[in-house]
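Chemist: I'd like to ask some things about the structure below.
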């Protein structure tokens, strides 16, 4: 172990699943209900061992499916417990109806999701199709570039979810295998600092408040407040943007790693910009920095927060740029509309007077490698688009065997 | 044990009046009788899957429940309650909760036999301390009388109609009580709203065990079964007297018939009280189902007597 600059942190080499399990140990949730699925399995295995060893006070519920994992998480959260689960891919898909119930009941459940492609054909490797499918389920979604961010996001998720202005569940996303199973250098907060940061959880209402019994999940099909409940969820999501920033600043103060809604490279002088999320941001940054050193006016944005979508902030960052290329690790199958990040960013930029030209690169489905050469190809195409003002193909499939 | 009417009348009502269940509904009777069996001085959390009981007792912004209550979805009342119970254990162990709680699920037969089967099996296997009550009206009544795994052979429902090629439901029901017992949980019982003393005693036993318990309560639905609403209790009683719904319990693996039936009535006595079976008795072409039902009842009754040590 090497002591980092911050004396309260230690530098470790761990796989992403261990980074998340460490965050879970430090959060020490009252209840964890989980079901194993590749590539999330090591998270729940490691955490089950922590429970067996008495390192946490968590009551661990080894449920018989992801559907029951989220159901038990909902029950436990409604009962006033701080609750976590973790899943991936088909597991997240099986939870689908419960995702909406967790957010609709305003339960601050924390769930790392190890991004993995959805069947069919069955594939265990990374893409973002699983969590993008849940983008309208009312969950906050934080993407991670590496093990460090997966750990940092998991700790921050607790504070964001439980904030009284928010009270929404949070999904922490980390790329399957690329982050979950690769050894990465990272810094861990010491237990006391982490514990102090996440704080204690005191819900205003709970099924186990003996003095004030409560009905959760009432039927709202007759007298009509459903619409108002949904509007309140949307308002909470809007408020979450500021809370995410606040929590990110506070986390920066204790760790030296401040977080915002997104990170950028070279925006001050870039004429064209790549937008990406997840582990690919590392590869892209490396290539973008190299091209900038060679004089190319390129920049990049690594989107951390996909829900809520920081539309105004992204528009402010991108207005006046000549061209923007969005990298999507999933498709929408909408018939050549492109991936979800592309569609949303393009929509956000619609009212901007100085609209950049926009292109989409769909890459890495089912774990297809995103090489530096492929990124280089996209960067050069983007340079040509910015210069010529022409787009040969709006939606491109990068790295496809053609 | 509070099984005299005088003592039971003193217990506070947990499901209050003013709910929107039909007059003559068996479900509310089942709920009130089961909750009579809850120990004094404990707090309750009730969970419901989606169904009649849920939509009729929690119409926002009202609730009929004088205790904590959660409805999550249709197929997951048992797993939702697993989480509630886990939270209780965790918070109690940490000293954050001082009061004593008990956990009761009231699921219909759809939410128990069919769509909620996996979640229930998982919860029973994991050993959560909860009383799982199936208020069994033998079909999906909330959505308008569709067949379930609890529906008796020959029954008319909207998805098992009789016609040129069918006498109604063509399959026997599954034996959910025995399936629950196969989980080797501490307490399993089959009960009927017509035998209130028997049901309240069973509920008391179910609440007392430190682990999961399961009670399958026959709870007639006059809308789906097609009989006059004032006959709910009578119809349920006939189910017991004909042995199509025998009353028994499985306590720590020991089977015991709790209401003895000396002169088993022919099942037709029960069938003829309800419109859902009327086609079997009225039209010859459907009558082939009648001996099949009687055969099933006899076979299951003999099996139960054997398991209970009442037959060599």
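Protein chains in written order, with the working numbering: chain Z, 13 to 414; chain B, 29 to 340. Heads up, the beta-carbon is just placed ideally off N, CA and C, and yes, glycines get one too. Just so it is clear, the structure is predicted and the values come from calculations on it, not from any experiment.
1) Where do the ends of the beta strand (DSSP E) carrying residue 64 of chain Z lie?
2) Nearest chain Z C-beta to residue 253 of chain B closer than 7 Å, yes or no?
3) With 7 Å as the threshold, decide whether the Cβ of residue 318 of chain Z is near any Cβ in chain B.
4) Kindly indicate if chain B contains any beta-carbon less than 7 Å away from that of residue 97 of chain Z.
5) Would you tell me roughly how many angstroms separate the C-alpha atoms of residue 361 of chain B and residue 67 of chain Z, rounded to the nearest one?
6) Spell out the partners DSSP gives residue 21 of chain Z in its beta bridges.
7) Please name the residue in Z/185, Z/143, Z/289, Z/266 whose C-alpha comes closest to that of residue 106 of chain Z.
8) For the beta strand (DSSP E) holding residue 183 of chain Z, just list the boundary residues, first then last.
9) Note down, in chain order, each residue of its chain lying with its Cβ closer than 7 Å to the Cβ of residue 250 of chain Z, except the 5 sequence neighbours on either side.
10) Our contact map puts residue 234 of chain Z next to residue 228 of chain Z with C-beta atoms below 8 Å; I'd like the distance itself, whole angstroms only.
11) According to a CB-to-CB cut-off of less than 7 Å, which residues of the stretch 24-41 of chain Z neighbour chain B?
12) Over the uninterrupted alpha helix (DSSP H) stretch that includes residue 115 of chain Z, give me the two end residues.
13) Scan the stretch 137-152 of chain B for residues whose Cβ lies nearer than 9 Å to a Cβ of chain Z and list them as they occur along the chain.
14) CA-CA distance, residue 32 of chain B and residue 296 of chain B?
15) Candidates Z/383, Z/231, Z/163: which alpha carbon is nearest residue 412 of chain Z's?
16) Please list the terminal residues of the continuous beta strand (DSSP E) segment that includes residue 280 of chain Z.
17) Under 8 Å, with one C-beta from each stretch per pair, do the stretch 254-266 of chain Z and the stretch 283-292 of chain Z reach the 3-pair mark?
18) Listed in chain order, which residues of the stretch 69-85 of chain Z have Cβ atoms closer than 9 Å to some Cβ of chain B?
19) Tell me the DSSP secondary structure of residue 229 of chain B in three-state form.
20) Let me know the secondary structure DSSP gives residue 196 of chain Z once reduced to three states.
21) When you compare the CB positions of residue 196 of chain B and residue 183 of chain B, do they come within less than 7 Å of one another, or not?
22) Report back the beta-carbon spacing between residue 314 of chain B and residue 320 of chain B to the nearest angstrom; my notes put them in contact at under 8 Å.
23) Which residues in chain Z sit within 7 Å of residue 109 of chain B, going by Cβ to Cβ distance?
24) Roughly how many angstroms lie between the CA atoms of residue 69 of chain Z and residue 356 of chain Z, to the nearest whole one?
25) Out of B/208, B/168, B/193, point me to the one whose CA is closest to residue 247 of chain B's CA.
26) Does DSSP put residue 273 of chain B in a helix, in a strand, or in coil?
27) Taking Cβ-Cβ distances shorter than 7 Å, what residues in chain B pair up with residue 93 of chain Z?
28) Count the other CB atoms within 10 Å of the CB of residue 284 of chain B; is the residue buried (16 or more) or exposed (fewer)?
29) Do residue 45 of chain B and residue 250 of chain B have their CB atoms nearer than 7 Å?
30) Tell me, please, which residues DSSP counts as bridged to residue 191 of chain B.
31) Does the beta carbon of residue 103 of chain Z sit closer than 7 Å to a beta carbon anywhere in chain B?
32) Compile a chain-ordered list of the residues in the stretch 171-188 of chain Z whose CB is closer than 9 Å to at least one CB of chain B.
33) Could you give the residue range of the alpha helix (DSSP H) that holds residue 391 of chain Z?
34) Examine chain B for any beta-carbon lying closer than 7 Å to the beta-carbon of residue 239 of chain Z, and answer yes or no.
35) Closer than 7 Å, CB to CB, is residue 225 of chain Z near chain B or not?
36) Note down, in chain order, every chain Z residue with its Cβ under 7 Å from the Cβ of residue 91 of chain B.
Modeler: Taking the definition as stated:
1) Looking at the DSSP string, residue 64 of chain Z is not in any beta strand (DSSP E); the run it does join, the alpha helix (DSSP H), is 53-64.
2) Chain Z contact via Cβ: absent.
3) Not an interface residue.
4) no
5) Since the first and last residues shown for chain B are 29 and 340, residue 361 of chain B lies out of range.
6) Z/201
7) Z/143
8) If you look at residue 183 of chain Z, you'll find it in the beta strand (DSSP E) that goes 182-187.
9) Non-local C-beta neighbours of residue 250 of chain Z in its own chain, meaning closer than 7 Å and more than five positions away in sequence, comprise 320, ordered along the chain.
10) Not a contact, Cβ separation roughly 18 Å.
11) none
12) 108-116
13) 146, 147, 149, 150, 151
14) 33 Å
15) It is Z/383 whose Cα lies nearest to the Cα of residue 412 of chain Z.
16) Note, residue 280 of chain Z: premise wrong, no beta strand (DSSP E); not H, not E.
17) no
18) Within the stretch 69-85 of chain Z, the residues whose Cβ lies closer than 9 Å to some Cβ of chain B are 69, 70, 71, 72, 73, 74, 75, 76, 77, 79, 80, 81, 82, 83, 84, 85, listed in chain order.
19) helix
20) The answer is strand: DSSP assigns residue 196 of chain Z an E or B state.
21) yes
22) Their Cβ separation, rounded to whole angstroms, is 11 Å, which puts residue 314 of chain B and residue 320 of chain B out of contact at 8 Å.
23) 87
24) Taking the straight line from one Cα to the other gives about 41 Å.
25) B/168
26) Coil at residue 273 of chain B, not helix or strand.
27) 115, 118, 119
28) exposed
29) no
30) DSSP lists B/194 as the bridge partner or partners of residue 191 of chain B.
31) no
32) none
33) 384-400 is the extent of the alpha helix (DSSP H) around residue 391 of chain Z.
34) Cβ-Cβ to chain B under 7 Å: no for residue 239 of chain Z.
35) yes
36) 227, 230
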